[in-house]
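Each step along the sequence shown adds one to the number in my numbering, with nothing skipped, and position 169 is 210. Working notes, structure below.
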Amino acid sequence: CEYHGVSSRDVDIMMGTFTKSFGAVGGYIAADTDVVDRIRWTAAGSVHGSPMSPVCIRQVLWVIDQLTGRDGSTAGQQRMTALRENAIYIRQGLSRMGLRLFGDYDSPVIPIMLYHPAKIAAFSRECLKRQLAVVVVGFPATPLILSRARLCVSAAHTREDLDMALEIIDEVAELLLLRYAAPVSPSPNVSQTENLENLRTSELLVDSETVESTKSHRRRASCLGEEHRICNGVCYVRRRNSKVSISEITGA
């Protein structure tokens, strides 16, 4: 809500997890009393699951105190700033490689599109050989030909950590032929804000080949007809000039 400038009073139900940013377990649902009571009495996790332990609850409260500054320090704000800077830094590095990325341009969770199902295990194993652990996601968590790797950036990562990760991913991307997008490099003649906006715009604009690829494979199991060609298991329509938004792919 804060990120998009929306008042929490305008949101009927808010939910989230305590397992990542908070370093604990469980999650939360925030709503009016009637909704919360209904969930408590009917949700399987509430009826049959165990409540959070006091230790985890204390951990969550400690993190909230840091994020809000109620502990009297600026540690929480410093971590949030470092997290955003790290997320933007590594996304810019990945964009310069020509990798296809999804997600918000300053999000610490960065999906790298692999597309071909056979590249899921290959990407993970090749990165692990080089001492980099990555999370890979495929069917049924994603559509069959929208497999991806997912990087999760932390405020604790140093620039040396991020540079090492970028170097390894660049090497593996070359090995597995993952450069599906045109490289995006920051311009030295514009401000950082303009560079970030250019990066965001370039990622929101996806060529119609990818759109037609997704639609085609949803309609049929194989690629047929002279208007299509097979490339790394993904079916592309040869239309090069038009641009469309990501919402046309996702249906958002």
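We put the beta carbon where it would ideally sit given N, CA and C, even for glycine.
Alpha helix (DSSP H) containing S136: first to last residue?
The residue given as residue 136 occupies position 95 in the sequence shown. Taken as a continuous stretch (DSSP letters only), the alpha helix (DSSP H) holding S136 covers A116 to R137.
Thinking C-alpha only, which one of K170, C97, D78 and G110 is nearest K61?
Within the sequence shown, numbered from 1, the residue matching residue 61 stands at position 20. Answer by Cα proximity: C97.
Apart from the five residues just before and just after R141, which ones in its own chain have a Cβ nearer than 7 angstroms to its Cβ?
For the purposes of this step, residue 141 is taken as the residue at position 100 of the sequence shown. Hits under 7 angstroms: M154, Y221 and A222.
Give the DSSP bridge partners of T58, in chain order.
Locating residue 58 in the sequence shown gives position 17, counting from the first residue. Within the DSSP secondary-structure output, T58 pairs in a beta bridge with G68.
Measuring straight from C-alpha to C-alpha, what distance separates G110 and A196?
Indexing the sequence shown from 1 puts residue 110 at position 69. Indexing the sequence shown from 1 puts residue 196 at position 155. Cα-Cα distance, rounded: 17 angstroms.
For G144, collect the residues of the same chain with a Cβ closer than 7 angstroms to its Cβ; drop the 5 residues on either side in sequence, then sort them by chain order.
Translated into the one-based positions of the sequence shown, residue 144 becomes position 103. Hits under 7 angstroms: V150, I151 and P152.
Hey, would you say V175 sits closer than 7 angstroms to A190, going by beta carbons?
What you label residue 175 is simply residue 134 of the sequence shown in a count that begins at 1. What you label residue 190 is simply residue 149 of the sequence shown in a count that begins at 1. Closer than 7 angstroms, so yes.
Do you know offhand how far L187's Cα is from A163's?
If you number the sequence shown from 1, residue 187 lands on position 146. If you number the sequence shown from 1, residue 163 lands on position 122. One C-alpha to the other measures close to 15 angstroms.
Taking 7 angstroms as the threshold (C-beta atoms), are D147 and R120 in contact?
As a working mapping, residue 120 is identified with position 79 in the sequence shown. As a working mapping, residue 147 is identified with position 106 in the sequence shown. Cβ atoms of R120 and D147: not closer than 7 angstroms.
Where does S9 fall in DSSP's three states?
The structure shown has nothing for residue 9, since the chain only spans 42 to 293.
Between the alpha carbons of L185 and Y156, how many angstroms are there, rounded?
As a working note, residue 185 is residue 144 in the sequence shown. As a working note, residue 156 is residue 115 in the sequence shown. The straight-line gap from Cα to Cα measures roughly 8 angstroms.
With a threshold of 16 other CB atoms inside 10 Å of the CB of I210, please say whether the residue is buried or exposed.
For the purposes of this step, residue 210 is identified with residue 169 of the sequence shown, where counting begins at 1. Under this definition I210 is a buried residue.
For E167, count neighbouring Cβ atoms within 10 angstroms of its own Cβ and tell me buried if that reaches 16, exposed if not.
On the sequence shown, position 126 is the one that residue 167 refers to. E167 should be labelled buried.
With a threshold of 8 angstroms, are at least 3 pairs of Cβ atoms found where one atom belongs to the region 97 to 106 and the other to the region 128 to 135?
No, they do not touch.
May I have the straight-line CA-CA distance separating A262 from K160, to the nearest angstrom?
Counted from its first residue, the sequence shown places residue 262 at position 221. Counted from its first residue, the sequence shown places residue 160 at position 119. Residue placement at A262 is poorly supported in this model, since its pLDDT is 35, which falls under 50; the coordinates are not used for a value here.
To the nearest angstrom, report how far apart D53 and L169 are at their CA atoms.
In the sequence shown, counting from the first residue as 1, residue 53 sits at position 12. In the sequence shown, counting from the first residue as 1, residue 169 sits at position 128. Each residue's Cα considered, the two are about 43 angstroms apart.
Taking just the CA atoms, how far does M93 sit from V77?
For the purposes of this step, residue 77 is taken as the residue at position 36 of the sequence shown. For the purposes of this step, residue 93 is taken as the residue at position 52 of the sequence shown. Looking at the two C-alpha atoms, the distance is approximately 17 angstroms.
Whole angstroms are fine: how far does the CA of L173 sit from the CA of S165?
Looking up residue 165 in the sequence shown gives position 124. Looking up residue 173 in the sequence shown gives position 132. Straight-line Cα distance between these residues: approximately 9 angstroms.
Going by the CB atoms, is the gap between T58 and G46 shorter than 7 angstroms?
In the sequence shown, the residue the question calls residue 46 occupies position 5. In the sequence shown, the residue the question calls residue 58 occupies position 17. Going by C-beta atoms, G46 is not nearer than 7 angstroms to T58.
To the nearest angstrom, report how far apart E244 and Q118 are at their CA atoms.
For the purposes of this step, residue 244 is taken as residue 203 along the sequence shown, with counting starting at 1. For the purposes of this step, residue 118 is taken as residue 77 along the sequence shown, with counting starting at 1. Its pLDDT being 47, under 50, E244 is placed unreliably by the model, and the measurement read from it follows with that caveat. So the alpha carbons of these two residues sit roughly 28 angstroms apart.
Name the residue from G64, D112 and V225 whose alpha carbon lies nearest to the alpha carbon of G139.
The count along the sequence shown starts at 1 and reaches residue 139 at position 98. Looking at the Cα atoms, V225 is the closest of the given residues.
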